[in-house]
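> Okay, handing you the structure first.
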Amino acid sequence: MKTQHAFWIGSGAVVAIELLVWVLALPDVDLIGQALPARDVKASLDSEYRHLQELDRRGNNGSPVGVFDAERADDIARLTGEYLITPPWRDALKPHVANYDRQLADIRAFLAKRSLPLHTPVADSADKLGWYTAYQSLSENQLKRLANAGALVRLPAKGESTGAPDYAIDQAVRSSAGFFTKGSEFPDVAEHPRLTIQLRIMERIIDGLLEAKAANSVNPIVSGLTPPTGTAALAGVRWGSAEGAEPGKESLIPLDASTNGLAQAHRLTIDLVGPVSALLAAQATLERSADLERPVVIVTGSELSRQESFAAGDRKDIPTESARLRLRIAVLDFSAPFAPPAAPTEGGQPPHSQSPGAATAGDHS
């Protein structure tokens with residue numbers, strides 16, 4: 000009997016040892032039988048092992064050979080994906096990074112300098128009367144420049160006199176060129192910066208319109224008529240971001256998310272009338288300025304149209320046919336990053352959001 004019991008005791012001990020060895024040999028079970036922590040540790044070690052294998056592969060490739068263009072994504076991916084980044088790299092790359100930083104700073108300074116004319120003060124004083132008198136005189140001179148060059152279109156309203164307008168006070172003419180005209184009150188001091196920028200933008204656009212020249216070819220069907228030099232005439236200005244914007248909408252609209260921290264975009268829409276060649280020349284001049292001291296102007300959209308039908312005799316002895324060009328323009332201001340509009344006041348409107356004269360601004364032709 001004693002021998003028989005000893006056999007079973009010995010057999011049980013052997014089985015217990017084998018079970019213990021089997022449990023300890025399992026890769027996903029720890030000493031107390033919990034599987035999840037063991038699996039996490041194994042996965043982490045596997046990941047580290049693969050990472051070491053990848054580092055070993057890149058280390059065996061040695062040092063980079065050849066020229067890598069920092070502005071090409073494929074070159075950078077190959078450089079960082081096939082070679083180890085070692086301390087000697089840092090010493091070699093530091094001068095290049097510093098040079099890029101200097102270039103970016105120079106570009107920002109250059110663009111900011113081009114934006115300075117947008118903020119050239121209208122008057123030395125913020126006094127309402129003195130400021131508006133100076134603004135009125137500057138805008139009146141711009142209107143006279145357009146009129147003297149035959150580059151201003153403003154058809155009189157029904158029953159209105161066709162005589163020469165007073166460019167200092169004629170609200171309809173002034174608003175058609177994007178200028179503010181006071182009513183019973185002078186503009187508030189808080190409005191001066193916005194009106195100053197809009198004045199300087201119109202000066203930039205008017206310069207471009209008067210600089211643009213286009214020669215029309217002689218029409219062989221119309222004998223004896225020499226077509227005049229084409230001129231694009233300003234027919235309307237609307238401050239805002241899009242067609243049909245409600246009156247008073249601010250012209251200051253943010254760019255996309257990647258550029259909001261670099262510049263503001265002052266947007267407007269202008270209508271031009273004239274021969275097609277003159278209209279296209281005006282657009283090209285506005286888009287491509289040789290003067291790098293001027294603010295950056297971008298034509299974001301254009302629509303060229305012509306009169307669809309004519310009565311008999313409408314085009315008799317007329318050397319050129321008039322067309323209309325609508326340009327959507329963004330003038331970039333790099334002197335300050337974009338700032339979100341002010342929060343609404345108790346009345347529900349943002350402070351100074353109403354553009355004086357905006358209700359009459361637009362296409363008056």
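The sequence shown maps to residues 0 to 364 in numbering that gives the first Met the number 0.
Each residue gets a CB set at the ideal place from its N, CA and C atoms; glycine is no exception.
Here the structure is a predicted model, which means the values were calculated and not measured.
Classify Asp187 as buried or exposed, calling it buried when 16 or more other Cβ atoms lie within 10 Å of its own Cβ.
Indexing the sequence shown from 1 puts residue 187 at position 188. Per the 10 Å Cβ criterion, exposed.
> If you draw a straight line from the alpha carbon of Glu17 to that of Arg49, how long is it in whole angstroms?
Start at 1 with the first residue of the sequence shown, and residue 17 comes out as number 18. Start at 1 with the first residue of the sequence shown, and residue 49 comes out as number 50. Approximately 33 Å between the Cα atoms of the pair.
> At what residues does the alpha helix (DSSP H) containing Gly207 begin and finish?
Residue mapping note: residue 207 aligns to position 208 of the sequence shown, counting from 1. Where Gly207 is concerned, the enclosing alpha helix (DSSP H) stretches over His191 to Glu210.
> Would you mind sorting Glu242 into buried or exposed? The rule is 16 or more other CB atoms within 10 Å of its CB.
Here residue 242 refers to the residue found at position 243 of the sequence shown. Bear in mind that the predicted position of Glu242 carries a pLDDT of just 46, short of 50, making it unreliable; the figure below should be weighed with that in mind. Per the 10 Å Cβ criterion, exposed.
> Using only the alpha-carbon positions, how far apart do Leu381 and Ile75 sit?
Because the chain in this structure spans residues 0 to 364, residue 381 falls outside the shown range and cannot be described.
> Buried or exposed for Val40, going by 16 or more other Cβ atoms inside 10 Å?
One-based indexing of the sequence shown puts residue 40 at position 41. The residue is exposed, with fewer than 16 neighbouring Cβ atoms inside 10 Å.
> Going by Cα to Cα distance, which pick from Arg107, Ala72, Pro63 and Leu110 is closest to Pro87?
Here residue 87 corresponds to residue number 88 of the sequence shown, with the count starting at 1. Nearest option by C-alpha distance: Pro63.
> Residue range of the alpha helix (DSSP H) that Thr85 falls in?
As a first step, residue 85 is located in the sequence shown; it is residue number 86 there, counting from the start. Run containing Thr85: none; DSSP gives neither H nor E here.
> Compare the beta carbon distance of Arg203 and Val296 with 8 Å and say whether it is the shorter of the two.
Within the sequence shown, residue 203 is the residue found at index 204, counting from 1. Within the sequence shown, residue 296 is the residue found at index 297, counting from 1. At the C-beta level, Arg203 and Val296 come within 8 Å of one another.
> Can you tell me which of Leu291, Leu117 and Tyr134 puts its alpha carbon nearest to the alpha carbon of Ser124?
Against the sequence shown, residue 124 aligns to sequence position 125. If we check each option's Cα against that of Ser124, Tyr134 comes out closest.
> Check the Cβ-Cβ distances between Ala125 and every residue of chain C, and say whether any is below 8 Å.
Here chain C cannot be found, since the structure has a single protein chain.
> Leaving out the 5 sequence neighbours to the left and right, which residues in its chain are closer than 8 Å to Leu142 when beta-carbon positions are compared?
Here residue 142 refers to the residue found at position 143 of the sequence shown. So the list reads Leu151, Tyr166, Val172, Arg173, Ala176 and Phe178, once near-sequence residues are dropped.
> Under the three-state reduction of DSSP, which class applies to Gly273: helix, strand or coil?
The residue you call residue 273 lines up with position 274 of the sequence shown. DSSP places Gly273 in strand when its eight states are reduced to three.
> Just curious, the alpha helix (DSSP H) that Leu137 is in, first and last residue?
Along the sequence shown, one-based indexing puts residue 137 at 138. Residues Lys127 to Asn147.
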